[in-house]
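Residue numbers (the UniProt record's numbering): 1 to 192. For every residue, glycine included, the Cβ atom is placed at its ideal position computed from N, Cα and C. Comments concern the structure below.
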Amino acid sequence: MTDKPDTIVLVHGFWVTPRSWEHWITHYERKGFRVLAPGYPGFDVEVEALNANPDIITAVTVPAIIEHLEAVIRPLPKPPIIMGHSAGGAFTQILLDHGYGASAVALNSAPTEGVHVVPFSQVRSTLPVLRSPANRHKSIGLTLEEWKYAFTNTFSDEESQALTSDTTSRPTAASYGAASSPTSNPATRTPG
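Structure representation (structure tokens):
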């Protein structure tokens, strides 16, 4: 079967960069896949550079992220498998809805339009960004305690600390728009 996907596109979530996929990339390349892990616009620098100057991602928007990811996928010879985590999971669903994937995997996806029941843990995880309307056009990072709650709650303190080297600020302009996806197809919405 030559029509099977030979490429996997990995879509990261907020607060991380494509570096968060480094072990997944190695795993799937060993299995014979071509693996792409594109960053969002402005995320094409190292985590340390983003943390030193988070303003470079402040204005990124959900439509700009989707357009960028579509531009990465469009030239591929055949539709890829798309995998996304958190906000990347929501973007993965949108990309699939737009016809850009052969299949998709959403890992702990952020809710898309129409999801009205949000677990307390998710509310608490996004509170550093959403607690103040003054954050609307800023990039907000997480403290170690917030990072541990949201991402590494089953890890030791040492492991959590080591993993913070892959974290960055979250562009709040995009996060405020993430709840309403730029799609009207019911396939990416939950009735409610």
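When the five nearest sequence neighbours on each side are left out, the beta carbons in the same chain lying within less than 6 Å of the beta carbon of proline 41 are those of Val60, Ala64 and His68, in order along the chain.
Annotation: alanine 134 to glycine 32 spans about 47 Å, alpha carbon to alpha carbon. Out of Trp24, Pro80, Val47 and Asn53, the CA that lies nearest to the CA of threonine 17 is found in Val47.
In this chain, the beta strand (DSSP E) harbouring isoleucine 8 covers 7-11. In the three-state reduction of the DSSP assignment, arginine 34 falls in the strand class, which pools E and B. CA-to-CA, the gap between glutamate 70 and aspartate 97 works out to about 12 Å. Sequence-distant partners of leucine 76 (beyond 5 residues in either direction) whose C-beta falls short of 7 Å from its own C-beta, in its chain, are Thr7.
Linking isoleucine 140 to glutamate 29 through their CA atoms gives a straight-line distance of about 33 Å.
By DSSP's assignment, valine 105 forms a beta bridge with Met83. Comparing C-alpha distances from proline 5 to each of Arg34, Glu22 and Trp24 shows the shortest one belongs to Arg34.
Secondary structure of serine 20 (DSSP, three-state): helix.
Relative to valine 9, the option among Asn108, Ile81, Phe91 and Arg124 whose CA is nearest is Ile81. Per DSSP, the continuous alpha helix (DSSP H) segment holding tyrosine 149 begins and ends at 144-150.
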